[in-house]
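Numbering (the UniProt record's numbering), first residue to last: 1 to 281. From the three backbone atoms N, C-alpha and C, an ideal C-beta is built for every residue, glycine too. On a predicted model such as this, the values are computed, not experimentally measured, just so you know. Working notes for the structure below.
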């Protein structure tokens, strides 16, 4: 058995008795968006440090725990704080939390993040539905021997972000009166913010927003057959577009500003997922 898969199994065995149900949805909360967990019907908390062999989240604003409960009546496991490549972990460690939520039983992965806006027309406080992604100079989470227990050697990535789940988010945004933008998200290595020249390169490649997470998690999830959907909170304009220096405080503050409409969008969308509307074709 592959040692990476053994590590995920060991982590699962260390907490399986603390998971009160089989989650339908796995939700990852990005920088500045962690307070969403306070709106859940809480059933349990599992700090990362209590999970065998689990990486620890060190990024500002990332609590570092699984929150287990109900979102709009839907059994959900929430990552309140993710693991980033820039924290010094290997890529298989970065996606270990995603793989663990799949072992818990989650079939849908709802990714959220904070990002810098590149495309003209995006502004701080916008919510952007992720239509597609670019992984920029990052190692694949599937690099090395394939973990056959999780998925096939060469998984198709034509539709990383599920079209039907994306329609649910569009429906919810319309019902809630939320002006939802859409675009392509690009992940960089970090932790430094991008240079203006790098942002111009990202724009030339077709990116609308940029951040330091998410794309690798989506690849790992699709490898396992999970359905993936994503929403990005535009926290600032990217380097060379914004007239002021970028800072982590700006990212956290943007999360506070957008919290109310973010909560409405995520809760409403997960509620629709629970009802099984627009099932996969």
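The beta strand (DSSP E) enclosing residue i, as first and last residue numbers
{"i": "residue 71", "result": "65-71"}
{"i": "residue 44", "result": "41-47"}
{"i": "residue 75", "result": "74-80"}
Sub-8 Å separation of residue i and residue j beta-carbons
{"i": "residue 211", "j": "residue 193", "result": "no"}
{"i": "residue 138", "j": "residue 189", "result": "yes"}
{"i": "residue 124", "j": "residue 265", "result": "no"}
{"i": "residue 62", "j": "residue 39", "result": "no"}
{"i": "residue 231", "j": "residue 118", "result": "no"}
{"i": "residue 79", "j": "residue 23", "result": "no"}
{"i": "residue 218", "j": "residue 147", "result": "no"}
{"i": "residue 71", "j": "residue 42", "result": "no"}
{"i": "residue 208", "j": "residue 183", "result": "yes"}
{"i": "residue 239", "j": "residue 203", "result": "no"}
{"i": "residue 181", "j": "residue 122", "result": "yes"}
{"i": "residue 60", "j": "residue 252", "result": "yes"}
{"i": "residue 145", "j": "residue 17", "result": "no"}
{"i": "residue 235", "j": "residue 255", "result": "yes"}
{"i": "residue 224", "j": "residue 150", "result": "yes"}
Own chain partners of residue i with C-beta closer than 7 Å, once the 5 adjacent residues on each side are dropped
{"i": "residue 56", "result": "48, 49, 64"}
{"i": "residue 278", "result": "The pLDDT assigned to residue 278 is 41, lower than 50, so where the model puts this residue is not dependable; a value taken from the coordinates is nonetheless given after this. Around residue 278: 164, 167, 168."}
{"i": "residue 83", "result": "55, 57, 89, 93, 94, 97"}
{"i": "residue 53", "result": "7, 10, 11"}
{"i": "residue 15", "result": "46, 51"}
{"i": "residue 35", "result": "259"}
{"i": "residue 20", "result": "43, 44, 68"}
{"i": "residue 228", "result": "109, 111, 160, 161, 162, 218, 221, 222"}
Extent of the continuous alpha helix (DSSP H) to which residue i belongs
{"i": "residue 9", "result": "3-15"}
{"i": "residue 211", "result": "Note, residue 211: premise wrong, no alpha helix (DSSP H); beta strand (DSSP E) at 209-211."}
{"i": "residue 273", "result": "248-274"}
For residue i, the residue or residues it bridges with in DSSP
{"i": "residue 182", "result": "129"}
{"i": "residue 115", "result": "234"}
{"i": "residue 108", "result": "25, 227"}
{"i": "residue 88", "result": "According to DSSP, which records beta bridges pairwise, residue 88 is partnered with nothing at all."}
{"i": "residue 192", "result": "DSSP lists no partner for residue 192."}
{"i": "residue 221", "result": "DSSP output for residue 221 lists no bridge partner at all."}
{"i": "residue 187", "result": "135, 211"}
Same chain, Cβ closer than 6 Å to residue i, five either side skipped, listed in chain order
{"i": "residue 191", "result": "86"}
{"i": "residue 26", "result": "77, 101, 106, 109"}
{"i": "residue 135", "result": "187, 215"}
{"i": "residue 258", "result": "125, 233"}
{"i": "residue 113", "result": "30, 211, 213, 214, 232"}
{"i": "residue 69", "result": "40, 41, 42, 43"}
{"i": "residue 261", "result": "178"}
{"i": "residue 116", "result": "210, 236, 238"}
{"i": "residue 283", "result": "It is not possible to answer for residue 283, since the shown part of the chain is limited to 1 through 281."}
{"i": "residue 99", "result": "8"}
Residue i beta carbon near the ligand MN (any heavy atom closer than 7 Å)
{"i": "residue 27", "result": "By its list of ligands, the structure shown contains no ligand whatsoever, and the ligand MN lies outside what it can speak to."}
Beta-carbon contacts of residue i that lie in its chain and below 8 Å, excluding the five residues immediately before and after
{"i": "residue 270", "result": "25, 27, 71, 72, 74, 76, 110"}
{"i": "residue 268", "result": "72, 172, 175, 176"}
{"i": "residue 157", "result": "219, 222"}
{"i": "residue 13", "result": "52"}
{"i": "residue 247", "result": "none"}
Subject >> Residue ranges of each beta strand (DSSP E) within the segment 122-176, 3 or longer >> reply: 127-135
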